[in-house]
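The structure appears right after this line, and notes come after that.
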Amino acid sequence: MPSPSSAPPAESASTEPFPVPPFARRCIEAAGDAWAASFAHPFVRALADGSLDAERFRFYQMQDARYLQAFADACSLVSTRCPAPADKLWFIDAARLALVVEGELHAGYGEKLGYGPADIAAVELTPTTRAYRDHMTAQAQRGSLVEAVAALTPCPWLYVDLGQRLLAELGAPEDAHPYADWLRTYADPGFNDYMRHLLERLQRSADAASEAERDRAVTAFAASARYEWMFWDQAWTQQTWPV
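Take any residue in the sequence shown, note its place counting from 1, add 67, and you have its number in the working numbering.
Given below as structure tokens:
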């Protein structure tokens, strides 16, 4: 997800926790245990304490780089669905920043772990990565606007929540921590402003939608939250196609 220092335009910056509008609250409550499960996953706990082996992290990073391409595609598609020019620009920027800013984080770890753009382009998508990509793209192409935004929202929200919770729990990582850059990126409180604007857009799209569309959007959000847990799990198990 984008860096707060380069996040889409915002009217004001804030380092205070971001507000959660009613529809976003409904979505995260519907995600239930799937949301909380990510925080307890052994991949996340090992990443946080620095004991995660490099091969699992490399697997995760390469799949994540391909996922971010799909996230950028979905944001670009959402921008075409937005009636307000400011919202179009916000999602266009979100697409660009997912590639440019997070690409810098991936490039840094790629130098350490021995992979580059060509390796990322050639890597086979796992069943989980492919399914998550297809879910987001389908909602962006064929769902209502609220469904499309809801499917995108769990990724940045969960990473912000995770990064800031780990900071509160464990404190700032030392420079020697192998995943210090990752932890510092997602613990940055500047993301609160990014999330405030994203959740405001989710709420506006929900307000303009029918109740049936809102129900489907909640389902799309919960599915994405489950895919987030599955993304950690596929890296932990180094998932492959069974046949």
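The C-beta atom is built at its ideal place from N, Cα and C for all residues, glycine as well.
If you draw a 10 Å sphere on the C-beta of Trp-296, you find 16 or more other C-beta atoms in it, and that means buried.
By the Cβ neighbour-count rule, Asp-242 is exposed, with fewer than 16 other Cβ atoms within 10 Å of its own. Around Ile-187, the same chain offers Met-129 and Ala-132 as residues with beta carbons nearer than 6 Å, after the five sequence neighbours per side are excluded. A distance below 7 Å between beta-carbons, with the five flanking residues on each side excluded, links Tyr-253 to the following residues of its chain, in chain order: Tyr-226, Val-227, Leu-229 and Gly-230. Of the candidates Asp-154, Arg-293, Gly-181 and Asp-120, Asp-154 places its Cα closest to the Cα of His-264. Within 10 angstroms of the beta-carbon of Gln-305 lie fewer than 16 other beta-carbons, which makes it exposed. With a cutoff of 8 Å on beta-carbon distance, Phe-126 and Trp-299 are scored as not near each other. Between the segment 277 to 290 and the segment 208 to 225 there are three or more C-beta pairs closer than 8 Å, enough to call the two in contact.
In terms of Cβ geometry, Phe-106 and Tyr-246 do not form a close pair [threshold 8 Å].
With respect to Val-213, Ala-174 sits apart: the two C-beta atoms are not nearer than 8 Å.
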